[in-house]
Every structure is written in C-alpha cells, then in structure tokens.
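In this note's numbering, the protein residues as written are 2 to 226.
The structure is reproduced here in structure tokens:
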C-alpha cells in the first residue's frame, strides 16, 4: 500500500487541509536554547494535537529533550519548505522511540518552485534518439512536469540522465492540435512506476499562456490554495 500524505482538519472551515508531508519525510528539529538541532523523520500526526517524529539516536541530544521545551520544525516536501514553532509535549522509548511535538497553529510556507504545479493526467509521447516512449504527465506547471512510464516504455528512464534533452508531444483536452515541447531531464526516479522530473525549455509564449490557463483552471476546480 502506498504511503498517504498527511491531512489535518481546519475546524473553522470544517474541511480537510493538505499538510504537505508523508511518513518517512526528513524533518529538521531545532531545539531552542541548548541542544542545537537534529535530523529525524516524520511518523504521523494527531489532528490538532501532536506532530510525531522519531526520537534522535544521540544521547547528548536526548538530554535536552523535555516537555515544554520550545522547538522549530522544518521539512521539505514537493519543492515547498514548511516550518513552524512548537513545544515538546513528551516522548516514549518503547516500543519505538518517538517524539511528540505540539500541533502548529501557524505554518510558514516557502515555495521553491518557479511556478504553481497541479496534478493532471495527460498522455505524452517522449521522442528520444528516433524512438518514442508513451507515458503520462501526472503533474504540470508552466516551467515543467512529472512524466511517469509503465511496462516496456519504462526503459526511457534508464536511457536518460540529468541534463538529457528530448522532445515531448502531448495535447490538452480543449486543444485539437498536438503540442511539441523541448524538454530537459531535471530528476530521475526509479521504482515501481519510473518517472522523470522535466523542465520545459524554449517555451513559446503562446504555449506558455495556454499552460497558465490550464493550470489555473485545475487550481480553481480542484481547490488548490
């Protein structure tokens, strides 16, 4: 079963709000005063109660972890840095060493991406060395996208490296003609569903405007903030 992204509940709006983190995501905890900072991993959360991480292994760091100590928590998820101030609620050592931090009432967000990215499901054809590989664009922005490949077309991921360029061919559902976009590989992910993080290069103004309209439409209908 794939890991699920954490959600919390906005009691005023009575709806789920995307928290932007999955179990196993690296988390940096800064201990105010003595104790410095340590890297750990997100475990889970209890909405409006606790943010839960693994306890650090270093004994000298654990000496500075006690209830009501103020901390700053930071993590990176999908190109966005999240940070919030909190205090330590407590910890346990068995059966697994866990640290419980008070639930944030305010989260600061810094988007490192050049443009807003939204989820989508667009068929795409990648042209590489006179060969073509069929895949799906699963999220997109005006600066790039994420392409996923399956079955025999997944070999595309093994044939490229960061910086490789190729041409992408896809179309929007409200546009009849096919779009041809020069693309550069920015990241590579192997696994059950191999994927490529793509940057669009030499994007024509007309296509950029169409992408902006497409992204904005998805944001409005799917409730992106």
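Think of the CB as a built atom: it goes at the ideal place given N, C-alpha and C, for glycine as much as any other residue. For clarity, every value in this text was computed on a predicted model and none was experimentally measured.
N-terminal and C-terminal residue of the alpha helix (DSSP H) that residue 97 is part of: Per DSSP, residue 97 lies in no alpha helix (DSSP H) segment and is marked neither H nor E.
Alpha helix (DSSP H) segments (min. 4 residues) lying fully within the segment 37–93: Correct list: 60–63.
Own chain, CB closer than 7 Å to residue 108, minus 5 neighbours either side, in chain order: So the qualifying residues of the chain are 83, 85.
Local conformation of residue 23 per DSSP, three classes: Of the three classes helix, strand and coil, the one that applies to residue 23 here is coil, per DSSP.
Cross-strand partners of residue 183 (DSSP beta bridge): By DSSP's assignment, residue 183 forms a beta bridge with 168, 202.
Given residue 128 as reference, the closest of 23, 111, 102, 157 once Cα atoms are compared: The shortest Cα separation from residue 128 among 23, 111, 102, 157 belongs to 157.
Per-residue burial, residue 101 [other beta carbons within 10 Å of its own, 16 or more giving buried]: The residue is buried, with at least 16 neighbouring Cβ atoms inside 10 Å.
Extent of the continuous beta strand (DSSP E) to which residue 129 belongs: First-last of the beta strand (DSSP E) with residue 129: 119–129.
Close beta carbons around residue 126, own chain, < 6 Å, minus the five adjacent residues each side: 133, 135, 170, listed in sequence order.
Touch test, the segment 179–186 against the segment 195–205, Cβ-Cβ under 8 Å, three pairs minimum: Pairwise C-beta distances place the segment 179–186 in contact with the segment 195–205, as three or more of them are shorter than 8 Å.
Contact check, residue 143 vs residue 212, beta carbons under 7 Å: Taking C-beta atoms as the reference points, residue 143 and residue 212 count as a pair closer than 7 Å.
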